[in-house]
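Chemist:
Protein chains in written order, with the working numbering: chain L, 2 to 204; chain V, 2 to 204.
Structure representation (C-alpha cells):
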C-alpha cells in the first residue's frame, strides 16, 4: 500500500486558520466556511475581503462616546440637539441602537464595548473606564444612567462604575428592572418577580 | 424630544453585510463578528483579510480530481504511487481526507465539491459531472467507487452517477452501508439495521 500525505492547498489551510478568529467558529465550521467562500461564492468572498480591509482602515472609536465611527466624533456626539447633561452607559453599539429605538432618550452615550469579566481577563481599563471617568467629570454631565445588561457581568460592571462615579460626587442611576411590558406574572421567572416586588413604586 | 438617526460607521455596516456570505451567519451573528473583529482582535482581522485575499488569488481546482490546489494538479494526482485504475468519488475535500486517513485506499479521487440538490438549484453541471464523465472514461480508470454520504442527497447523487457511468460500460461500486464498527444493535437505528440485514454477506 502506498501512502501520501493528504493533499492540501496551503492558502486554503491559512484561510481556515484565519477564520477561527470569528466568535463561535471552530475548526469544522471554519473549514465549511472556507469551502463556501472559495467554491460557492467567490464574489461574496471578494466583497468580504474588501469590506474587512476597508473597515480596518476607516472604522475607529468616537473620541467622546467610544462608539464605532469613521470621523473624529460620531454623528450623535456632534449633534447639537442632544441633552449633554445626561450620559447613558451601554455595553455595545447594538445596545445603543436599542435605546435610540425607544425614542425616549435624548442624552449622550458612552459605549463600553464590553463588560467587566475578570475570568476572561477583561478589567476596568479594557472597557475604557478611565476614559469614561474623564468624560463623566467634564463638568457638563449631571447624571450618568447605567444601562448595562441585567446579567451577572452587566450587573457587576454597573456596580463598579456606580462606585467609581459616586465617590467623585456624580449622580448615578440604573435603568429599572421588573416585569416586562405585556408580561404575565404566571410566566415571569421568580427572580424577576421578586425584584419587581422589592422595587415596587408608590402610586 | 430631539430625534437623530442611530449613528453608524458605513464601513462597519458594509462589513456586517459582507460577513453574511458565510454559511449559517445571520444579521445578529454578523454584527457580533464585526464587533469582535474591529474591537477585540484587529490583528486577527488583518490576518483574515490577508488570508482571504491570498486564498482567492492562489487556490484553484486540480484539473484532474477537482480538489482545491495551488498548482495545475494536486500532489495526490501528481503522485506516481497511486493506483490509477481506481477512482473514488467524494462530496468534499474533508471527505477525501477522511478516506485517506483510513490508509486503506490507494487509488485516485474525484471531488464533487457538493452534491446534487435540485431544491437548491444544484444540478449535474454544478458538481462537475461532465468533467467526471471525461475523467472516468479516459481509458485508465477501471472502477469507480461512489463514496458520497448516505444522506438523501448523497444517495441520489450516487444513483445519478452510477446510471451515467454504467450506461457507458464503466464498473461502478458503492461503499458498504451497515452497522458501524463497535456498533451495538440495541442502539443502531432501524433503517441502518434493516439495510444491514438486506445487504448481509455470506461467510
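Just so it is clear, CB atoms sit at the ideal spot from N, CA and C, and this is done for glycine as well.
#1: Name the chain L residues whose beta carbon is nearer than 7 Å to that of residue 47(V)?
#2: Quick check: what's the CA-CA separation for residue 111(L) versus residue 155(V)?
#3: Whose Cβ in chain V lies nearer than 9 Å to the Cβ of residue 118(L)?
#4: Nearest to residue 180(L) by CA position, among 51(L), 193(L), 68(L), is which residue?
#5: Could you please give me the residues that DSSP links to residue 70(V) through a beta bridge?
#6: Would you kindly report the start and end of the unbroken beta strand (DSSP E) that includes residue 89(V)?
#7: Please confirm whether residue 50(L) and residue 87(V) have their CB atoms less than 8 Å apart.
#8: Around the C-beta of residue 52(L), are 16 or more other C-beta atoms found within 10 angstroms, so that it is buried, or is it exposed?
#9: Out of curiosity, what's the CA-to-CA distance linking residue 104(V) and residue 191(V)?
#10: Verify the CB distance criterion: does residue 50(V) have a CB-CB separation below 8 Å to chain L?
#11: Could you pull out every residue in the same chain whose Cβ sits closer than 8 Å to the Cβ of residue 3(L), ignoring the five residues on either side in sequence?
#12: Give the C-beta separation of residue 12(V) and residue 71(L) to the nearest angstrom, bearing in mind that I take them to be a contact with Cβ-Cβ under 8 Å.
#13: For residue 68(L), count the other beta carbons within 10 Å of its own beta carbon; 16 or more makes it buried, fewer makes it exposed. Which is it?
#14: With which residues is residue 162(L) paired in a DSSP beta bridge?
#15: If the criterion is Cβ atoms closer than 8 Å, does the pair residue 125(L) and residue 161(L) meet it?
#16: Using C-beta distances below 8 Å, list every residue in its chain close to residue 163(L), excluding the 5 sequence neighbours before and after it, in chain order.
#17: Where does residue 108(V) fall in DSSP's three states?
#18: Quick check on DSSP: helix, strand or coil for residue 198(V)?
#19: Extract the residue ranges of the alpha helix (DSSP H) inside the region 125-160 of chain L, only unbroken runs of 4 or more that lie entirely within it.
#20: Output, in chain order, the set of chain L residues within a Cβ distance shorter than 7 Å of residue 12(V).
#21: Kindly identify the DSSP beta-bridge partner or partners of residue 118(V).
#22: Does the Cβ of residue 212(L) have 16 or more other Cβ atoms within 10 Å, making it buried, or fewer, making it exposed?
#23: Specify the secondary structure class of residue 21(V) as computed by DSSP and reduced to three states.
#24: Would a check of beta-carbon distances place residue 36(L) closer than 8 Å to chain V?
#25: Between the region 18-27 of chain L and the region 23-39 of chain V, do three or more beta carbon pairs fall short of 8 Å?
#26: Mind reading off the beta-carbon distance from residue 114(L) to residue 85(L)? Whole number of angstroms is fine, and I expect it under 8 Å.
#27: Distance cutoff 8 Å, beta carbons only. Does residue 93(V) sit that close to anything in chain L?
#28: At a Cβ threshold of 8 Å, is residue 40(L) touching chain V?
#29: Can you name the start and end residues of the beta strand (DSSP E) that residue 30(L) belongs to?
#30: Which one or two residues does DSSP pair with residue 174(V) in a beta bridge?
#31: Taking Cβ positions only, does residue 22(V) come closer than 8 Å to chain L?
#32: Quick one: measure Cβ to Cβ for residue 77(L) and residue 66(L), integer angstroms, because I've assumed they're closer than 8 Å.
#33: Within a Cβ cutoff of 7 Å, which residues of the same chain sit near residue 60(V), ignoring the five residues on either side of it in sequence?
#34: Given a cut-off of 8 Å, decide if residue 149(L) and residue 201(L) are closer than it, judged by their beta-carbon atoms.
#35: Comparing C-alpha positions only, which one of 74(L), 92(L), 171(L), 45(L) sits nearest to residue 1(V)?
#36: Exposed or buried, residue 158(V), counting other C-beta atoms within 10 Å across all chains shown (16 or more means buried)?
Modeler: This is what the structure holds:
#1: Contacts between residue 47(V) and chain L, judged by CB atoms closer than 7 Å, involve 57 in chain order.
#2: A direct Cα-Cα distance of roughly 52 Å separates residue 111(L) from residue 155(V).
#3: Ordered by position in chain V, no residue passes the 9 Å Cβ test against residue 118(L), which lies about 12 Å from the chain.
#4: Residue 193(L) is the option with its Cα nearest to residue 180(L).
#5: 61(V)
#6: 84-91
#7: no
#8: buried
#9: Taking the Cα positions, residue 104(V) is about 30 Å away from residue 191(V).
#10: yes
#11: Reliability of the predicted coordinates at residue 3(L) is poor, the pLDDT of 47 falling under 50, and the value obtained from them is presented with this limitation in mind. Around residue 3(L): no qualifying Cβ.
#12: 6 Å
#13: buried
#14: Answer by DSSP bridge pairing: none, since residue 162(L) is not bridged.
#15: yes
#16: 147, 173, 175
#17: Three-state result, residue 108(V): strand.
#18: helix
#19: 130-137
#20: Residues of chain L passing the Cβ test: 55, 56, 59, 60, 71.
#21: 123(V)
#22: The structure shown does not extend to residue 212(L), since chain L spans only 2 to 204, so no value can be given for it.
#23: Residue 21(V) falls in the coil class under three-state DSSP.
#24: yes
#25: yes
#26: Between residue 85(L) and residue 114(L) the Cβ distance is about 21 Å, and since that is not below 8 Å, they are no contact.
#27: yes
#28: yes
#29: Note, residue 30(L): premise wrong, no beta strand (DSSP E); alpha helix (DSSP H) at 28-36.
#30: 146(V)
#31: yes
#32: With 8 Å as the limit, residue 77(L) and residue 66(L) qualify as a contact, their Cβ atoms being about 7 Å apart.
#33: 69, 71
#34: no
#35: For chain V, the structure presents residues 2 to 204; residue 1(V) sits outside this window and is missing.
#36: buried
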